[in-house]
Every structure is written in C-alpha cells, then in structure tokens.
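Per numbering that gives the first Met the number 0, residue 0 is the first one in the sequence shown, and the count goes up by one each step.
Note that CB positions come from ideal geometry on N, CA and C, so glycine has one too.
Inspection log for the structure reproduced underneath, given as structure tokens.
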Amino acid sequence: MLLSLGRVIAVVSQKGGAGKTTVAMQLGGGFQAIGASVLVVDLDPQESAFRWAESAPLLDSDLPLDVRKMSGLELIKHIGELQKEADYVVLDTPPSIYHPSTLAALAVAHLAVIPAVPSPTDLWSTLAVERLVLNRMEQSHRLHGCILPNRVQNTALANDVLELLHEFTLPILDVVLCQRNAYAQSAVIGASVFQLGSAADAAQQEVRKLIAAVLKQLGEN
Ligand SMILES: Nc1ncnc2c1ncn2[C@@H]1O[C@H](COP(=O)(O)OP(=O)(O)OP(=O)(O)O)[C@@H](O)[C@H]1O
Ligand SMILES: [Mg+2]
C-alpha cells in the first residue's frame, strides 16, 4: 500500500488581508483538482477558512473541502495523525508572526508560502515575515519558504512586482495570483475557484500553476 506523503504547507503573512485564507482555500481546491487528498487546518482564531467552508453549498459533483479548526497546541499534538489522513495538509494562520499558532505552523511545515501584495506598504511587513521564516529554517531543516505575489493588478505590472520583491532572500514563485473577482467570489460561495465553472477559467489556470510551483518547492516534480 502506498503511504500518504502528508506534506504540510503553512500560509503565513504578517498583514491582515494579504490573502492567507484565499490562498489556503485555493491550494485545497487545487490539490483536489489534481486528485490528491487534502486537509485545510484553520489556526486563525477568526476562523475565516472554517466559516468559509461551512458556508459552502453542497453541489452533487463536489468533493467538499475538509476544513478543521485547531489551536497551535492541538496542531503540534495531532500533526502526525493529520499527515496520515491526507496527502497535503494546508495550514491557514492568524495575521501575526508572533502568534503561537503561526509559530506552531512553522514548526511542523515543510513549506511556508508567504502571500505578498506587491505594494510598497505591504513590503515591510512581508520582509518581517521572511525574516521569521528564515530564522525558523535555521531551526528546522525540513522547512522551506517561498513568496507568492497575490492581488497583482495586471500582467504589465509583473516587472514592477519583481522589482519590489527582488529584495527578498526566499525564492519568489514564478506564478502570481492576479486580482480577480473569482477569488473574492469563491469566498462568498465558500469554495475554491474550481467550483465556479468555466467563468473562473483564468483563475483555475493560475491555481493549477500555483500547485505545480508548490510541488516543485516540495521537491515533488
Ligand atoms: N487575488 C485576489 N483577487 C481578488 N480578491 C482577493 C485576492 N486575494 C484576496 N482577495 C480578497 O481580499 C480579502 C482578504 O483576503 P483573505 O481573507 O484571504 O486575507 P487574509 O490574509 O486571510 O486576511 P486575515 O489576515 O484577516 O485573515 C478577501 O475579501 C479576499 O476575497
Ligand atoms: Mg485569513
């Protein structure tokens, strides 16, 4: 029998609204779309991922996303069991790098994905998250980190994005999530962009590319 890999991906950022919950939920939908099993763990006391999933309308064809809420301590205690349950465990974290649940997430993760909005005001807080991830990487040799530009306004900005982000030490994924209604809309219906049909085709393609990039960071392709 093939044993589940149980790879753990933490989505972390210092700033509220950078897109942690959005990225965590799309990763969940994206892993399901490639036929992998996935668990999303909501470590944010605001419980946005959990509430988001709870509001999902159950369509016949849907595989509902398994979202569980947990504290950092519970995560540390149960991570071994969670890894046996699913191929990928995605952790949505609170908007603070000092929160015990964020630190717990980084203690168990193989990969930290930092969603970064490419604006000067977000740059400083992203640099602070990067410092924390680099520091944790020194403690845990299995942890890797990467930066995902999110809410990119249009492709002409791609160069500006890279210019803003080139100050980082961690790799910047060669994928961006653009500012798209589909992402905001998927939160409203409590699902990922894969439940929005062909109208969300562009967003689905971005998420598929994101999954490929994350697998590459995990050394799995
Ligand atoms: N790429 C995107 N395109 C359009 N809307 C987006 C995108 N990413 C995030 N959003 C929207 O921005 C808002 C904040 O996103 P989200 O809740 O994912 O951020 P967060 O980092 O989890 O925030 P918090 O720190 O408060 O938990 C939401 O309304 C979401 O729908
Ligand atoms: Mg959130």
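Could you compute how far the alpha carbon of Ala-9 sits from the alpha carbon of Leu-214?
Approximately 14 Å between the Cα atoms of the pair.
First and last residue of the uninterrupted beta strand (DSSP E) at Val-37:
Unbroken beta strand (DSSP E) run through Val-37: 37-41.
Alpha helix (DSSP H) runs contained entirely in the region 161-199, provided each spans 4 or more residues
Listed in chain order, the complete alpha helix (DSSP H) runs (minimum 4 residues) inside the region 161-199 are 180-188.
Any residue with its C-beta under 7 Å from a non-hydrogen atom of ligand 2 counts. Can you list them all in chain order?
Selection output, chain order preserved: Lys-19, Thr-20, Asp-43, Gln-45, Ser-47, Ala-48, Asp-91, Pro-94.
From which residue to which residue does the alpha helix (DSSP H) around Leu-64 run?
Segment: none, Leu-64 is in no alpha helix (DSSP H) and carries neither H nor E.
Run through DSSP, which three-state label would Gly-18 get?
It is coil, neither helix nor strand.
Buried or exposed, going by whether 16 or more other CB atoms sit within 10 Å of the CB of Leu-13?
In the sequence under discussion, the amino acid at residue 13 is Gln, which differs from the Leu named in the question. Buried: at least 16 other Cβ atoms inside 10 Å.
Going by DSSP, what residue range makes up the beta strand (DSSP E) through Pro-93?
Pro-93: not part of any beta strand (DSSP E); DSSP gives it neither H nor E.
Whose C-beta lies closer than 7 Å to the C-beta of Gln-216 among residues of the same chain, with five residues either side of it excluded?
Taken in chain order, the residues that qualify are Leu-110, His-143, Cys-145.
Based on the DSSP secondary-structure assignment, which residues constitute the bridge partners of His-143?
Paired residues: Leu-110.
Are there 16 or more other CB atoms within 10 angstroms of the CB of Leu-72, so buried, or fewer, so exposed?
With fewer than 16 Cβ atoms within 10 Å of its Cβ, Leu-72 is classed as exposed.
Distance, Pro-119 Cα to Leu-38 Cα
Spanning the alpha carbons of Leu-38 and Pro-119 requires a straight line of approximately 33 Å.
Mind checking who Val-7 pairs with in its DSSP beta bridge?
Val-7 is bridged to Val-88.
Taking contact to mean at least 3 C-beta pairs separated by less than 8 Å, is the region 205-212 in contact with the region 79-86?
Under the 8 Å Cβ criterion, the region 205-212 does not count as touching the region 79-86, having fewer than three qualifying pairs.
From what residue to what residue does the alpha helix (DSSP H) around Pro-119 run?
Where Pro-119 is concerned, the enclosing alpha helix (DSSP H) stretches over 119-138.
Taking 7 Å as the line, does the beta carbon of Pro-119 fall inside it for any heavy atom of ligand 3?
Looking for ligand 3 in the displayed structure turns up nothing; the ligands present are ligand 1 and ligand 2.
Under a Cβ-count criterion, where at least 16 other Cβ atoms within 10 Å of its own Cβ denotes burial, should Gln-152 be classed as buried or exposed?
With fewer than 16 Cβ atoms within 10 Å of its Cβ, Gln-152 is classed as exposed.
Contacts around His-77, its chain only, beta-carbon distance under 8 Å, and the 5 residues preceding and following it disregarded:
Hits under 8 Å: Met-69.
Chain-order list of residues whose beta-carbon lies under 7 Å from that of Ser-35 (same chain, five-residue window excluded):
It should be pointed out that residue 35 corresponds to Ala in this sequence rather than to Ser. Cβ neighbours of Ala-35 within its own chain (closer than 7 Å, five residues either side excluded): Asp-86, Tyr-87.
With 16 other CB atoms within 10 Å as the buried threshold, where does Val-187 fall?
With fewer than 16 Cβ atoms within 10 Å of its Cβ, Val-187 is classed as exposed.
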